[in-house]
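What follows is a set of notes on a single structure, which appears directly below.
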Amino acid sequence: MATSPRSNRGPGAAAENRAALIAAARAIFATHGLDAPLSAVARQAGVGQGSLYRHFPTRSSLAVAVFQENADELEAIAARPGSTLDDVLRAITDQAIVSTAFFQMIEIERADDAGQELARKIGSVLASKLPDARSSGRVPDWVTGDDVQLGIAMLVGALAKTAVGDRRAVAARAWALLPFGPG
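Residue numbers for the sequence shown, in UniProt numbering: 1 to 183.
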C-alpha cells in the first residue's frame with residue numbers, strides 16, 4: 001500500500017528510510033519488474049524522491065541493494081558442506097519464481113561495477129558446484145558455467161512472461177529440457 005511521504009525527520013531517519021526504500025523496491029520490482037517507476041518505490045516507502053536519490057542515485061544502485069540479499073543467500077547455500085549444484089539451482093528457481101527482476105538486473109547491469117560484482121558472485125557460486133556435478137555424472141563434461149548461466153537466463157525469460165501462479169510448473173518444464181537442470 002502506498003503511503004504519503006512523512007515529514008522530514010532529518011539525518012536520524014536515514015537508516016530507516018534506506019531500509020524502507022529497499023523493502024519497497026523489492027516489492028515493486030517483484031510485481032512490476034525492474035523498469036517500474038522509481039516514484040512508485042519512494043511513494044510505497046513513504047519518503048520523497050529526494051530521499052530516494054540521496055540513498056540510491058541510480059536505478060542500478062537501488063537494484064543492487066535490493067538483490068544483494070539474493071546473492072548472499074546463494075553464496076550461503078553453496079558454502080554449506082555437501083551442497084550441490086542442484087541445491088543452488090533450486091534456490092535460484094525459487095528466487096526467480098518470486099521475482100525475475102534480480103536475474104534480469106544481472107544481465108542488464110553488467111556494464112555497471114555493482115552489477116558486475118553480483119554477476120561475478122553468481123558465476124562463482126555456480127563454478128564452485130560444477131566440478132562435483134560433472135565428476136558425479138550429474139552434469140555432462142561439456143557443460144560450462146556459461147552454459148548454466150545461459151540456462152538461468154532462458155528460465156528467467158520464460159518466467160518473466162508467465163503468470164506467477166504458473167511459474168513453478170513452467171520452471172520444472174524448462175529445467176527438464178536442459179542436461180543440468182536440478183533433479
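C-beta atoms are modelled at their ideal positions from N, C-alpha and C, and glycine is treated no differently.
Using the Cα positions of A27 and G33, report the straight-line distance between them to the nearest angstrom. For the pair A27 and G33, the Cα-to-Cα distance works out to about 9 Å.
Complete alpha helix (DSSP H) runs within the stretch 122–164 (minimum length 4 residues, chain order): 145–160
Put V47 into one of helix, strand or coil per three-state DSSP. coil
Please report how far the alpha carbon of V41 lies from the alpha carbon of T58, in whole angstroms. 13 Å
Helix or strand or just coil, what does DSSP make of S83? coil
CB-CB under 8 Å to Q104, same chain, minus the five flanking residues each way: which ones, in chain order? If you ignore the 5 residues before and after Q104, its C-beta comes within less than 8 Å of the C-beta of G33, L34, V156, A160, all in its own chain and listed in chain order.
Kindly give me the distance between the Cβ atoms of L118 and F67, rounded to whole angstroms, as I take these residues to be in contact under 8 Å. 6 Å
Measuring alpha carbon to alpha carbon, tell me which of E69, G50, S60, Y53 ends up nearest A23. That would be E69, whose Cα lies nearest to the Cα of A23.
Alpha carbon to alpha carbon, what distance is there between V170 and M1? The predicted position of M1 is uncertain, since its pLDDT is 49 and thus under 50; a value taken from the coordinates is nonetheless stated next. Using only the alpha carbons, I get a separation of about 30 Å.
Could you check which residue in R138, G165, I152 has the C-alpha nearest to that of A174? I152
On the criterion of 16 or more Cβ atoms from any shown chain inside 10 Å, does V164 qualify as buried, or is it exposed? exposed
Could you tell me how far apart the beta carbons of T30 and S99 are, in whole angstroms, since I believe they sit closer than 8 Å? Thr is not the amino acid found at residue 30; the sequence shown has Ala there. 4 Å between Cβ atoms; contact.
Keeping to the same chain, check which residues put their C-beta closer than 8 Å to that of Q49; ignore five residues upstream and five downstream. L38, S39, A42
Cutting at 7 Å between CB atoms, please list the residues of its own chain near I77, excluding the five before and the five after it. S83, D87, V88, A91
In terms of residue numbering, what span does the alpha helix (DSSP H) encompassing T31 cover? 14–32
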